[in-house]
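Report on one structure; see the data block that follows.
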Amino acid sequence: MKESIERRKEIKKLRKVEKENKSREWKKYKSENIVYIGRGYSNALFLKDTNIEKLKEIGLPIIKDDKELAEFLGIE
């Protein structure tokens, strides 16, 4: 009985640590990436393909990731 209680306590501690780590990773990811841009559009945020030649051809800036976009727009 005592062993079972100790195991439960240990499992509870492990889950708490895992939850904290996952939360920390999510906060870091959100600080470096755009995660929501509006209903119906956010599901395409993982698409990061950039046709550099086409952008150069029509005179648009080349923006490869979220950080470059923020710098271009002058936001954090």
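FYI, in my numbering the residues of the sequence shown are 1080 to 1155. All C-beta atoms in this analysis are idealised placements derived from N, C-alpha and C, irrespective of residue type, glycine included. Note that the structure is a prediction, hence the values are computed from the model and not measured.
Which listed residue (the options) has its alpha carbon closest to that of residue i
i     : options             : result
K1112 : R1118, L1139, E1104 : Here the sequence assigns Asn to residue 1112, which means Lys is not the residue at that position. Considering only alpha carbons, the answer is E1104.
Length of the line joining the Cα atoms of residue i and residue j
i     : j     : result
L1148 : I1141 : 9 Å
S1083 : I1090 : 11 Å
S1110 : D1145 : 10 Å
E1085 : K1092 : 11 Å
E1097 : R1087 : 15 Å
G1117 : I1154 : 18 Å
K1133 : L1139 : 9 Å
M1080 : N1122 : 48 Å
K1135 : S1102 : 39 Å
F1151 : R1094 : 41 Å
Collapsed DSSP secondary structure at residue i in the structure displayed
i     : result
V1114 : coil
Y1108 : helix
F1151 : helix
K1175 : As displayed, the chain neither begins before 1080 nor continues past 1155, which places residue 1175 out of reach and without an answer.
D1145 : helix
Expected contact under 8 Å - CB spacing of residue i and residue j to nearest Å
i     : j     : result
V1114 : L1124 : 7 Å
T1129 : K1107 : Wrong, their Cβ atoms sit about 23 Å apart, outside the cutoff.
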